[in-house]
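Scroll down for the structure; my scribbles are underneath it.
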Amino acid sequence: MKKRAIFFDRDGIVNVRKIGGYITNANEFEFRNDFIRLFKFLSNSDYLLILITNQQGIGKGLMSEDDLTLIHNYMQRNLLLKTRRQFDDIFFCPDLAETGSQRRKPKPGMILEAIDKWEIDVHNSWMIGDAPSDIEAGNKAGVKTIFIAPDGDNMPEADYCLTSLAEVIELFAG
């Protein structure tokens, strides 16, 4: 039987986005409070929880894959402490935007890899993101999409446009 999954963008959804820069070490990584509430809510669900993140700071030479591993290890340890669950898998793309990489959002490569690896039911799975590229990748992969825009921006291509992660809890609880 195929599994359901929720795919999460990282910067701006899981952690506070660093304006004008990149999170290059664990000291700069700060969870969004509403993300912890959402993750705790989902921790007892039968959804796979998978991180899908562009990390072109690696491609730009601002950090290494080892630096990213340290950041994600920090994130996973703290998720386990705060919610008793961590991401089931993490997919990242270090490629620069101009490379045209099939793995880099808005292309669906990372999501498609996860779908294949975990035998995911695309029709009952979701992508949650705060950028048009997240929604485009989710749509191309065939999953439902949730666009988070605190300022209320609408994105017609998304299945749902919400202003907070708290509203995601309401959507899944309802």
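Just so we're aligned, residue 223 is where the sequence shown starts under the working numbering, counting upward by one.
Cβ atoms here follow ideal geometry from the backbone N, Cα and C, with glycine treated the same way.
Bear in mind the structure is a predicted one, so any value in this text is a computation, not a measurement.
Give me the Cα-Cα distance between residue i and residue j, rounded to the nearest whole angstrom.
| i | j | result |
| --- | --- | --- |
| ASN276 | GLY396 | 31 Å |
| ASP353 | MET223 | A small fix is needed here, since residue 353 is Ala in this sequence, not Asp. Their Cα atoms are separated by approximately 32 Å. |
| GLU252 | ASP343 | 31 Å |
| ILE357 | ILE228 | 13 Å |
| ASP338 | THR321 | 24 Å |
| ASN346 | ARG226 | 6 Å |
| ASN247 | LEU292 | 7 Å |
| ILE272 | ILE391 | 17 Å |
| LYS282 | ALA319 | 10 Å |
Less than 6 Å between C-beta atoms, sequence neighbours within five positions excluded: which residues of the same chain meet that for residue i?
| i | result |
| --- | --- |
| LYS366 | TRP348 and ASP381 |
| THR305 | PHE261, LYS262 and SER265 |
| PRO328 | SER355, GLU358 and ALA359 |
| LYS362 | PRO330 |
| LEU387 | ASP256, PHE257 and LEU260 |
| ASP231 | GLY351 and ASP356 |
Here's the rule: buried if 16 or more other CB atoms are within 10 angstroms of the residue's CB, otherwise exposed. What is residue i?
| i | result |
| --- | --- |
| LEU303 | exposed |
| PRO316 | buried |
| ARG326 | buried |
| GLN324 | exposed |
| ASP373 | exposed |
| LEU284 | exposed |
| LEU334 | buried |
| ILE368 | buried |
| LEU393 | exposed |
Looking only at its own chain, which residues have a Cβ that is under 7 Å from the Cβ of residue i, when we skip the five neighbours before and after it?
| i | result |
| --- | --- |
| ILE280 | SER286, GLU287, LEU290 and PRO316 |
Using a Cβ-based criterion (distance less than 7 Å to any ligand heavy atom), does residue i qualify as near the ligand NAD?
| i | result |
| --- | --- |
| THR246 | The model depicted lacks the ligand NAD and carries no ligand whatsoever. |
Can you list, in chain order, the residues of its chain whose CB lies under 8 Å from that of residue i, leaving out five sequence neighbours each side?
| i | result |
| --- | --- |
| ASN237 | ILE245, PHE251, GLU252, PHE253, ARG254, PHE257 and MET297 |
| ALA371 | ASP352, MET377, CYS383, LEU384 and THR385 |
Quick test of your reading: residue i and residue j, contact by CB under 8 Å. State the CB separation rounded to the nearest angstrom.
| i | j | result |
| --- | --- | --- |
| PHE313 | MET332 | 4 Å |
Give, in chain order, every unbroken run of the beta strand (DSSP E) that is at least 3 residues long and sits entirely within the segment 267 to 320.
270 to 276 and 311 to 315
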